[in-house]
Amino acid sequence: MTYKRRTFLKTTAVASAAIAAMPSLMASVVKPSTKIGVQLYTVRNEMSSDPKGTLEKIARIGYQKLEGAGYDAGKIYGFSGKEFGSIVSDLGMELTSGHMSSQVFAEGFDQALEFMVDAGQQYAVFPWLSPEQRVSLDQYKGYAATLSKCAEKAKSAGITVCYHNHDFEFQELDGELPMNILLSETDPEMVKIELDLYWITRAGLDPIQFFKDNSGRVPMWHVKDIANTPERGFAEVGTGTIDFQSIFAEKKTSGMKHFFVEQDQSENPLKSIELSYKNLTEKILG
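Residues 0 to 285, numbered by numbering that gives the first Met the number 0, are exactly what the sequence shown covers, in order.
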């Protein structure tokens, strides 16, 4: 399916909540039947300074799935795959997925595979491209080839390769949308999409239509809201303008198996993921 740049998502404004005034939820939260994940980039500073303590706080909120964002040369947050897998397992969580740099996909994927197997990680995600990495369609064709090569290696280990979007993949480049290149030049059975609901909406496209056009190819989502402000910045899930209930109703169309709360910027990341968890369990997932 070829995508045109257009705006047709109907969003519903939801009243914003003041996080600073919100009481702690940790003592009263009940884990829902749906296992909710969190992208650890949201709490990157906390993970850098106190990884074990931060993971304990995340578990107390109720999160059961994690997506890593700190993998480097066979370790994550200073731990080997086996060490990290054991830590999160002891807390009742799992490292479901992980974002790994474009350099890892290009040059260090074999070592990364060893880490993922040891950690019990199921997905390897190509996370983003810097401005200089996305100036031509030929570059995107190269990334498609890299994704395909890595997906072949990962298959034997039971690991799935995904590409995570921002908005720039849906902005025309030399008369084409880069996302079309990534989709058409990879095997839909081998290379999947982790759809960031914030960024596709910011780009002016409807995530539900994307699911329909790529049915079964979108096994993971990033769930974060758009603030109901002129700047349309990042917001806690359920406090902004995205109609998450309608999106979650199409999870089978998407092929969604896992989703991760993420908030790129927040004054208090732990409070942010706490509020997002509360709104998901009480308002959205029902």
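Glycine is no exception: its CB is placed at the ideal position from the N, C-alpha and C atoms. Just so it is clear, the structure is predicted and the values come from calculations on it, not from any experiment.
Contact between L94 and A68 fails: their C-beta atoms lie close to 11 angstroms from each other, not under 8 angstroms. For E266, the three-state secondary structure derived from DSSP is coil. Annotated three-state conformation of W127 is coil, per DSSP. By the Cβ criterion, the segment 136-147 is in contact with the segment 173-188, since at least three pairs of Cβ atoms, one from each stretch, lie closer than 8 angstroms. Across the set Q264, F247 and A226, the C-alpha of A226 shows the shortest separation from the C-alpha of T240.
Taking 8 angstroms as the upper bound for CB-CB distance, N213 and L181 are not in contact here, some 11 angstroms apart. For the 8 angstroms CB-CB criterion, F114 and G73 form a contact.
Just measuring C-alpha positions, the residue of F83, S155, F258 and C149 sitting nearest G107 is C149. Measuring C-alpha to C-alpha distances from H165 to each of A144, A202 and S147 identifies A202 as the nearest. Of the residues E249, V87 and T238, the one whose Cα lies closest to the Cα of Y62 is V87. The shortest CA-to-CA distance from G91 to any of P130, L65, Q102 and M219 is the one to L65. Shown here, G141 sits in a helix according to DSSP, grouped into three states.
Residue pairing by DSSP puts C161 in a beta bridge opposite V124 and K191.
For Y40, no pairing in a beta bridge is given by DSSP. Taking the C-beta atoms as reference points, I199 is found nearer than 8 angstroms to F169. In the structure shown, G97 adopts extended strand secondary structure according to DSSP, grouped into three states. The distance from the Cβ of T33 to that of L284 is about 5 angstroms, consistent with a contact at the 8 angstroms cut-off. Taken through DSSP and simplified to helix, strand or coil, V260 comes out as strand. For Y197 and E82, the gap between their C-alpha atoms comes out near 33 angstroms. DSSP lists L172 as the beta-bridge partner residues of E175. Rounded to the nearest whole angstrom, the C-alpha separation of E273 and Q120 is 24 angstroms. The residues G67, G69 and F83, in chain order, have a CB closer than 6 angstroms to that of I75 in the same chain once the five nearest residues on each side in sequence are set aside. I225 has F233 as its beta-bridge partners, per DSSP.
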